[in-house]
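Residue numbers (the numbering used here), protein chains in the order written: chain E, 1 to 341; chain S, 1001 to 1290. Glycine included, each C-beta is placed from N, C-alpha and C at the ideal position.
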Amino acid sequence: MKKIICFLSCIVFCLSCSDTDDYEAIFLENETIALEIPVGFPALNNAFYTNRPTKLGVELGKKLFSDKRFSANNTIACSSCHIQANAFADNNAKAIGIFARIGLRNTPPIQNMAFLNFYNWDGSKLQLEKQSIVPIITHEEMNSSIIEVIDKINVDKAYRDLFKKTFGDENITPERIYKSIAQFEYTLISANSKYDRVKRKENESFSVSEARGYQVFQEKCNSCHSTELFTDQSFRNIGFPLNTDSNEGGRGRVTGIEKDYMSFRVPTLRNIEVTAPYGSFGQFATLRQLLDYLDNGVILTDNLDPIFKENGNRIPLNEQEKIDLISFMKTLTDTHFLGGD
Amino acid sequence: MKNFKKYLLMPAILLAVVSCSNDDENPVANSVALKFNNTFDNTTIILGDAASTTASVKTSGAGQVHRFSELKYVISNIRLVKTDGTEVPYNVNNLDKGAVIVDQSKEASLNYVMSNIPVGEYAKIKFGLGVKQVLNALDQVKFPSFYAAAGANDTEMMWEWGTGYRFTKLEGFYGADNKQMSIHTGSTVEGNKGDATSYVQGVDAYRDITLELTAKAIVGKNPPKITIKADFNKLLSGTTAITLSTGTSGSSNATPNIHTALQMVKFVDNLGGNGTTDVKGMFSILAVEN
Chain E
1 MKKIICFLSC IVFCLSCSDT DDYEAIFLEN ETIALEIPVG FPALNNAFYT
51 NRPTKLGVEL GKKLFSDKRF SANNTIACSS CHIQANAFAD NNAKAIGIFA
101 RIGLRNTPPI QNMAFLNFYN WDGSKLQLEK QSIVPIITHE EMNSSIIEVI
151 DKINVDKAYR DLFKKTFGDE NITPERIYKS IAQFEYTLIS ANSKYDRVKR
201 KENESFSVSE ARGYQVFQEK CNSCHSTELF TDQSFRNIGF PLNTDSNEGG
251 RGRVTGIEKD YMSFRVPTLR NIEVTAPYGS FGQFATLRQL LDYLDNGVIL
301 TDNLDPIFKE NGNRIPLNEQ EKIDLISFMK TLTDTHFLGG D
Chain S
1001 MKNFKKYLLM PAILLAVVSC SNDDENPVAN SVALKFNNTF DNTTIILGDA
1051 ASTTASVKTS GAGQVHRFSE LKYVISNIRL VKTDGTEVPY NVNNLDKGAV
1101 IVDQSKEASL NYVMSNIPVG EYAKIKFGLG VKQVLNALDQ VKFPSFYAAA
1151 GANDTEMMWE WGTGYRFTKL EGFYGADNKQ MSIHTGSTVE GNKGDATSYV
1201 QGVDAYRDIT LELTAKAIVG KNPPKITIKA DFNKLLSGTT AITLSTGTSG
1251 SSNATPNIHT ALQMVKFVDN LGGNGTTDVK GMFSILAVEN
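Written as structure tokens, this is what we have:
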């Protein structure tokens, strides 16, 4: 008897749903993407598990990412500064936004974000879903607001359809926008450089100079540029020339801790060949200039990183080592990730 | 004829008075007005730029003359406490209905009227300087009015990079040569600062203020008015004496890089107390009018 009741109620349920069968079918099609986690990569950010990339979510996020209506005057999209060929960074010293306004810092690349626990140079954001609102409202970036954005894209039927397919109904909400963009960013994984192929023994090997550079890297660089992400995600003041903008304080402006003053997240070295200039506000035009600076000695401050303090405020590098290090760093370029062949 | 008209009118007036009298004599609620008086000691501050001859000028304990050209702060989470200890919250979870940006340049913002406060005798007022963390998220959908007010070009009470509101924004000049002074405070905290399991990082710049009223505020047929003094002499000469310095080092504090290190917290504590031994900061009650 129980079974029969159950069966009947199932039928009723099915019938009552039949109107929305089409949408159910489409919604079911929106399966989660199985991301391939590269060998040796660290654990995923916890936020990933509550916003797993789906096929349609990523498609939607990608579309939003390149939509210029995110800026007040429809001129700047996320992709205006986060350019794929530059590992989703650009070649400006400081980011340039709406009305050619110049921002505070160098545009960070967007790659392997799913594995990071801190976002932005100062680690102010801990989840990608909470990051994308920042450029939308920042005066020097897009100078808009999320409701302004929603009002603009809401008139676009293609968007309403995509939101419906992705989330079940047409409602364009801030949370759905943030989630979609994050989902797209989660899929931007770079782990197919020459370095990776050498590591995986895929019939490639380092040149003599690259191999020497890898040695130097292991001796002098990878205590900070560690793990397969080439960053240990710590915040350090390594005595780079200071950004004198009064809004800059590095990590210190987030934590309120004195030792974090002008400390920045150790940047990844992946695809570094295409993300010049270097430093939190593009202090160095070339890798060579940056290495020369480390070799000549950095600015000594109270909170200078201990590794520098203990080594005379410098990383000594001879001419050959510099050449070899640069050769090695170029093996971290992932042509496929950058949209090449 | 003239007199006759008067007689006709009389009952109408009487009727009107009578019909209203029930409500007037036994209201269940009334409004309470808050008046903010921003001062240097006991003198209301007059804003002005470096060249102004009318601007209020104050010399700090450390001997630095200073003046304000802009003075703004957020008051939210207002609670009135009855003489029996009952706390009456006023839209404490709604920034649109329960928060105000006090702006010295806008007279209207100095008078905040809270409506529909239950009748009774009140002995204390509590409020927050800033926005408590759970609401401090620049949520335009939830609180469109407050978001718009804070984001207005002449207000600029948003901290975009931290996706929170500015709690105080003080612009002005200091020293004999009128160097720029720009002091902003706001929270960057992620997780609950008091709870080690959820606390992640950042500074909590919200301060909860408690003030004993100098006389009972009686909400009845009259709406009481509470005048609150905010003595900005406390900024530099409060619990911690602060000497302003301009520059780009971690100890420079006269420009917004006071967001760094512990510099901001010193200002926050001077203005809003430290939350434990000092729950008044710069605030005090000037008058209660019933």
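Extent of the continuous beta strand (DSSP E) run through residue i
i         : result
S/Phe1036 : 1029-1040
S/Pro1089 : 1087-1090
E/Ile133  : Where E/Ile133 is concerned, there is no enclosing beta strand (DSSP E), although the alpha helix (DSSP H) it sits in stretches over 133-137.
S/Leu1112 : Looking at the sequence shown, residue 1112 of chain S is not Leu but Tyr. First-last of the beta strand (DSSP E) with S/Tyr1112: 1111-1118.
S/Ser1284 : 1283-1289
S/Val1219 : 1207-1219
Three-way DSSP call (helix, strand, coil) for residue i in this model
i         : result
S/Glu1070 : strand
S/Val1189 : coil
S/Val1057 : coil
E/Thr166  : helix
E/Asp22   : Note that E/Asp22 has pLDDT 45, beneath the 50 cutoff, so the model's placement of it is unreliable and the number below is only indicative. Reduced to three states, the DSSP call for E/Asp22 is helix.
S/Thr1276 : coil
E/Tyr237  : For the sequence presented, residue 237 of chain E should be read as Asn rather than Tyr. DSSP places E/Asn237 in strand when its eight states are reduced to three.
E/Arg288  : helix
E/Arg160  : helix
E/Leu338  : coil
S/Lys1234 : helix
S/Ile1046 : coil
E/Arg265  : strand
S/Leu1080 : strand
E/Thr333  : coil
S/Phe1127 : strand
E/Tyr278  : strand
E/Gln218  : helix
S/Asp1103 : strand
E/Thr32   : strand
S/Glu1121 : strand
S/Ala1241 : strand
For residue i, the first and last residue of its enclosing alpha helix (DSSP H)
i         : result
S/Gly1172 : Counting along the chain, S/Gly1172 falls outside any alpha helix (DSSP H), though it belongs to the beta strand (DSSP E) covering 1168-1174.
S/Asn1270 : 1263-1272
S/Arg1145 : The residue you asked about is not Arg; residue 1145 of chain S is Ser in the sequence shown. Segment 1144-1151, the alpha helix (DSSP H) holding S/Ser1145.
E/Lys152  : 146-153
E/Thr255  : 252-255
E/Asp324  : 319-330
S/Asp1096 : 1095-1098
E/Pro306  : 306-309
Compile a chain-ordered list of the residues in the segment 222-248 of chain E whose CB is closer than 9 Å to at least one CB of chain S. Leu242, Asn243, Thr244, Asp245, Ser246, Asn247, Glu248
May I ask you to verify whether the segment 1138-1148 of chain S touches the segment 1104-1111 of chain S, counting CB pairs closer than 8 Å and requiring at least 3? no
Is the segment 287-298 of chain E touching the segment 203-213 of chain E, taking contact as three or more C-beta pairs under 8 Å? no
Check whether the segment 46-60 of chain E and the segment 72-91 of chain E touch, using three or more Cβ-Cβ pairs below 8 Å as the test. no
Those runs of the alpha helix (DSSP H) which lie wholly inside the segment 179-215 of chain E and span at least 4 residues: 194-199
Which ranges would you report for the alpha helix (DSSP H) in the segment 52-129 of chain E if only whole runs of at least 4 residues count? 55-65, 78-81
Just by C-beta distance, which residues in the segment 1151-1165 of chain S are closer than 8 Å to chain E? Gly1151, Met1158, Glu1160, Trp1161, Gly1162, Thr1163
Does the pairing of the segment 1176-1194 of chain S with the segment 157-166 of chain E give three or more beta-carbon distances under 8 Å? no
What residues in the segment 1177-1203 of chain S bring their beta carbon closer than 8 Å to a beta carbon of chain E? Ser1182, Thr1188, Glu1190, Val1200, Gln1201, Gly1202, Val1203
Quick test of the definition: if touching needs 3 or more C-beta pairs under 8 Å, does the segment 191-204 of chain E touch the segment 169-178 of chain E? no
Counting Cβ pairs closer than 8 Å, one from the segment 137-144 of chain E and one from the segment 86-106 of chain E, do we hit at least three? yes
Short-range partners of chain S found in the segment 254-277 of chain E, where Cβ spacing is below 9 Å: Val254, Thr255, Gly256, Ile257, Glu258, Lys259, Asp260, Tyr261, Met262
What residues in the segment 1029-1046 of chain S have a beta carbon less than 7 Å from any beta carbon of chain E? none
Touching or not, the segment 1113-1131 of chain S and the segment 1207-1214 of chain S, by the rule of three or more beta carbon pairs under 8 Å? yes
Does the segment 1270-1282 of chain S touch the segment 1221-1238 of chain S, meaning 3 or more C-beta pairs lie closer than 8 Å? yes
At least three beta-carbon pairs within less than 8 Å, the segment 103-115 of chain E to the segment 279-287 of chain E: yes
Examine the Cβ distances between the segment 1174-1181 of chain S and the segment 1052-1066 of chain S and report whether three or more of them are shorter than 8 Å. yes
Residues of the segment 135-151 of chain E in Cβ contact with chain S at a cutoff of 8 Å, in chain order, please. Ile137, Thr138, His139, Ser145, Ile146, Ile147
Touch test, the segment 1128-1136 of chain S against the segment 1072-1087 of chain S, Cβ-Cβ under 8 Å, three pairs minimum: yes
Selection of the segment 155-180 of chain E by Cβ proximity to chain S, strictly under 8 Å: Thr173, Pro174
Are at least three pairs of beta-carbons, each pair with one atom in the segment 1049-1063 of chain S and one in the segment 1143-1156 of chain S, less than 8 Å apart? no
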